[in-house]
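Chemist:
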Amino acid sequence: AHDSMSESGMSSPSRMRSLKSPKKRSAGFQRRRLIPAPLPDSTSLGRKQNVGGQWVDLPPLPGTLKEPFEIKVYEIDDVERLQRHRQEESEPFQDVEKGLIYFNTKLKIVERRHQRIREMKAKHELLK
1 AHDSMSESGM
11 SSPSRMRSLK
21 SPKKRSAGFQ
31 RRRLIPAPLP
41 DSTSLGRKQN
51 VGGQWVDLPP
61 LPGTLKEPFE
71 IKVYEIDDVE
81 RLQRHRQEES
91 EPFQDVEKGL
101 IYFNTKLKIV
111 ERRHQRIREM
121 KAKHELLK
């Protein structure tokens, strides 16, 4: 039986692995949710209905192990650090010169963007 590790036997969580199909499970069984059909008299009884459904294992579908796919492992953002950085940006500048440099830089970026937009619109008009 072929396992999810590569031929060399190495397995690391940060590496992408080339396995089977992404939408289908290669483990053999499919997991599906059985959501119970709403009963017409459940509201009149006054009890709360279980909306969560139930997980059941289904037999594997034929042809699930044929197409390759890769598992990507994403790094989670450091939310606290990002929020701290955002707060620092929103605070007013104590140093006037730093504020002016920051403003000038932002202004140049916006001007360049507007220039590119104008060029693209001109090119678009020519192509019409």
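Position one of the sequence shown corresponds to residue 1 (full-length UniProt numbering), numbered consecutively onward. Quick reminder that beta carbons are idealized off the backbone N, C-alpha and C, glycines included.
So what does DSSP say about E111, is it helix, strand or coil?
Modeler: Stepping through the sequence shown from its first residue, residue 111 is reached at position 111. E111 falls in the helix class under three-state DSSP.
Chemist: Compute the beta-carbon to beta-carbon distance between L34 and V56, rounded to the nearest angstrom, for a pair I have assumed lies under 8 Å.
Modeler: Locating residue 34 in the sequence shown gives position 34, where the first residue counts as 1. Locating residue 56 in the sequence shown gives position 56, where the first residue counts as 1. With a Cβ gap of about 5 Å, L34 and V56 count as contacting.
Chemist: What residue ranges within the segment 71-102 form continuous alpha helix (DSSP H) runs of no fewer than 4 residues, ordered along the chain?
Modeler: Whole alpha helix (DSSP H) segments, 4+ residues: 79-90.
Chemist: Rounded to whole angstroms, what is the Cα-Cα separation between K98 and K128?
Modeler: The count along the sequence shown starts at 1 and reaches residue 98 at position 98. The count along the sequence shown starts at 1 and reaches residue 128 at position 128. Approximately 45 Å between the Cα atoms of the pair.
Chemist: Report all residues from its chain with a CB closer than 8 Å to the CB of L126; omit the five preceding and five following residues, and keep chain order.
Modeler: Sequence index remark: in the sequence shown, residue 126 carries index 126 (1-based). Excluding sequence neighbours, L126 sits near nothing in its chain.
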